[in-house]
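Below: one structure, written as structure tokens.
Residue numbers (our numbering): 118 to 271.
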């Protein structure tokens, strides 16, 4: 609505100045891009391009608006496709890295399994007994050293 020199469109006020001339128009549109899928966008653009404008100012403005909206939607679709492609690439990289880690672990597990399966039971028992004896001896030394302090010498 136009009241004096102020135009109101959907709650937004615009101040208009100057003397209007014949054919002057004031068009307020909201952006419609990023709200449709790409196929609907292309269908709307084809429909707009198929509609004749032949000197009709309103039809020309509708064509401009439809093409502007289509370009915005297409740009948004390209951005979304790039984002999806990047996310897919990141997932692929993570999966490849995990596969490499799994292969390394599998190799390590095979080596360790071979160590236990092919172990000589007598040799393993002897080594375990030796290690236990060494551990017991080092614990006894630690206990004896921890009892020593300056006050026990006085």
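Don't be surprised by glycine CBs; every beta carbon is placed ideally from N, CA and C. Since this is a predicted model, take the numbers as computed values, not measurements.
{"Item": "Three-state secondary structure assigned by DSSP to residue 136", "Value": "coil"}
{"Item": "Buried or exposed by the 16-neighbour rule on C-beta atoms within 10 Å, applied to residue 160", "Value": "exposed"}
{"Item": "Beta-carbon proximity check, residue 177 vs residue 170, cutoff 8 Å", "Value": "yes"}
{"Item": "Whether residue 123 touches residue 136 by CB criterion (8 Å)", "Value": "no"}
{"Item": "C-alpha distance - residue 248 paired with residue 265, whole-angstrom precision", "Value": "26 Å"}
{"Item": "Outcome for residue 255 when other beta-carbon atoms lying within 10 angstroms are tallied against a minimum of 16", "Value": "exposed"}
{"Item": "Simplified DSSP state of residue 125, which is helix, strand or coil", "Value": "strand"}
{"Item": "Runs of alpha helix (DSSP H) lying entirely within the segment 136-210, each at least 4 residues, in chain order", "Value": "155-167"}
{"Item": "Boundaries of the alpha helix (DSSP H) in which residue 91 is found, first to last residue", "Value": "Because the chain spans 118 through 271 in this model, residue 91 falls outside it and cannot be assessed."}
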